[in-house]
Amino acid sequence: TCSCDFGPGVGRDTYSFFDSDDAAVETAEEAKEPAEADITELCRDMFSKMATYLTGELTATSEDYKLLENMNKLTSLKYLEMKDIAINISRNLKDLNQKYAGLQPYLDQINVIEEQVAALEQAAYKLDAYSKKLEAKYKKLEKR
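For the sequence shown, the numbering used here assigns the number 105 to the initial residue and increments by one for each residue that follows.
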């Protein structure tokens, strides 16, 4: 009999390597090397599976690159659209600037007229105040 310790938490048990009936020692089966044909078949199987695996990996990588290529093409098209939009905006801005430059003399005239109207308004207020003073003097003289 043999007493074996399997570590903490595992109890000690007694194992017998002898059969109680015939007291013969158990023997382990000897490890045998596989036959040459089996090794060849196993190698072929391994290489076939490795080829399948690598083919899958390469296919996935190839698909990733195709996806990136398509994304780059779409991005390029979007940038071309944005470029066209920017060109149109620039052209329209130039047109607006030219129209504004064409209107500038009229805008300057409007500013001058506005200043003249403000001056005329002040003159009208002064004239009104003066006429009220004259009217008051006239009424004062008339009462005498």
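Ideal Cβ placement from N, Cα and C applies to all residues, glycine included. Fair warning: this is a prediction, and the values are worked out from it, not measured in the lab.
query                                                                                                                                  : result
To the nearest angstrom, how far is it from the Cα of ILE217 to the Cα of SER235?                                                      : 26 angstroms
Look at the alpha carbon of MET175 and the alpha carbon of ASP188, and state the distance between them as a whole number of angstroms. : 20 angstroms
Just the Cα atoms here: how many angstroms apart are GLU167 and LYS153?                                                                : 21 angstroms
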